[in-house]
Ligand code: GDP
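Residue numbers (my numbering): 794 to 1106.
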């Protein structure tokens, strides 16, 4: 299990004088990860591994990994390394490239691509801004008028990957939304992973189900990100997380089995999400990656094979 015990590789980072006094009570803005590492263990867990923190509130006899915590479970060292991909420097340019209303207007960028989709108001632009907080020059467009013509916005993250901000769906979505998004999801060759945002206050809504069905129908690998986790009470959040986890476990095929709860206000979960993106785009190697085995186990279970898994490995 990764984390809270600080690892040898990050030891030198924590030899610096404590910055806690300067950081204030809540993490209301982005901080370099070396400062995060100086937090007391409980605060660090809450900020970096919010799901782990939630799991602590479940009954002690609950299934040990009910929330699938151990699937993507990077070390603090790996999370620290992931920061460099998201930090703008003259050698690592992070910038808006262009927008498109149709797939054939999309820029031709020969890199792995990840896209973010979600209902209007789910907190998508806030999340993308939080992910890009180490590149403050990047402007993420915020739509204040529901239903106005929205585009797909393409951002280049160094030479590593492209991030696409998709138009929000749901209430008064642009008429051409379905065509635009469907075609992109179905035909974009470089698209590696879709991040589907769900509001942790209200859970999965009708409009979210349509997006989920789209991802399932096109057999896309996608990941569910729960936004605004600073908003609900702990009890309400836990209820939503358990319900959504159950939904993912029982009703989806292409969804990554681990949820990613985040807050663009407190930055909780942002570091882990950056590390996940850097890893799946092939830019960062992490050792604590148990997906293959777990997925294989799940497929075997689905096929109702009685053969003991241990005999197969
Ligand atoms: P978008 O339409 O999906 O791009 O949503 P926005 O990012 O514009 O956010 C919609 C509203 O939710 C705004 O009022 C944000 O301030 C608020 N919001 C977004 N993310 C968070 C969050 O993590 N925590 C809280 N408390 N509010 C958030």
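Even glycine gets a Cβ: it sits at the ideal position worked out from N, Cα and C.
| Query | Result |
| --- | --- |
| Any idea what DSSP makes of residue 1054, helix, strand or coil? | strand |
| Quick one: give me the first and last residue of the beta strand (DSSP E) that residue 954 is part of. | 954-958 |
| May I ask you to report which of helix, strand or coil DSSP gives residue 1041? | helix |
| What do you reckon, are the CB atoms on residue 1019 and residue 1054 nearer than 8 angstroms? | yes |
| Is DSSP giving residue 1017 helix, strand or coil here? | strand |
| Output the distance between the C-alpha atoms of residue 1026 and residue 1040, rounded to the nearest integer angstrom. | 21 angstroms |
| What I want to know is whether the C-beta of residue 1024 ends up closer than 7 angstroms to one or more non-hydrogen atoms of the ligand GDP. | yes |
| What residues are listed by DSSP as bridge partners for residue 907? | 956, 986 |
| Per DSSP, residue 888 forms a beta bridge with which residues? | 949 |
| Name, in chain order, the residues that DSSP records as bridge partners for residue 882. | 885 |
| Can you tell me which of 903, 828, 912 puts its alpha carbon nearest to the alpha carbon of residue 876? | 828 |
| Output yes or no for whether 8 angstroms exceeds the beta carbon distance between residue 979 and residue 1011. | yes |
| For the ligand GDP, I want to know if residue 945 counts as a neighbour, meaning its beta carbon is within less than 7 angstroms of at least one of the ligand's heavy atoms. | no |
| Secondary structure at residue 775, three-state DSSP: helix, strand or coil? | Since the first and last residues shown for the chain are 794 and 1106, residue 775 lies out of range. |
| If we count Cβ pairs, one from each stretch, closer than 8 angstroms, do we get three or more for the region 843-851 versus the region 1066-1079? | no |
| Do you know offhand how far residue 926's Cα is from residue 973's? | 28 angstroms |
| Classify residue 1002: buried if its beta carbon has 16 or more other beta carbons within 10 angstroms, exposed otherwise. | exposed |
| Along the chain, where does the alpha helix (DSSP H) containing residue 899 start, and where does it finish? | Where residue 899 is concerned, there is no enclosing alpha helix (DSSP H), given that its DSSP letter is neither H nor E. |
| Quick check: is any heavy atom of the ligand GDP less than 7 angstroms from the C-beta of residue 987? | no |
| Leaving out five residues on either side along the sequence, give the residues of the same chain with a beta carbon under 7 angstroms from the beta carbon of residue 871. | 1068, 1077, 1079 |
| Use the C-beta contact count for residue 843: other C-beta atoms within 10 angstroms, 16 or more gives buried, fewer gives exposed. | buried |
| By the three-class DSSP mapping on this structure, what secondary structure does residue 841 have? | helix |
| For the structure I just gave you, are there three or more beta carbon pairs, one from the region 885-895 and one from the region 989-999, closer than 8 angstroms? | no |
| Indicate whether residue 899 and residue 947 have their beta-carbon atoms separated by less than 8 angstroms. | yes |
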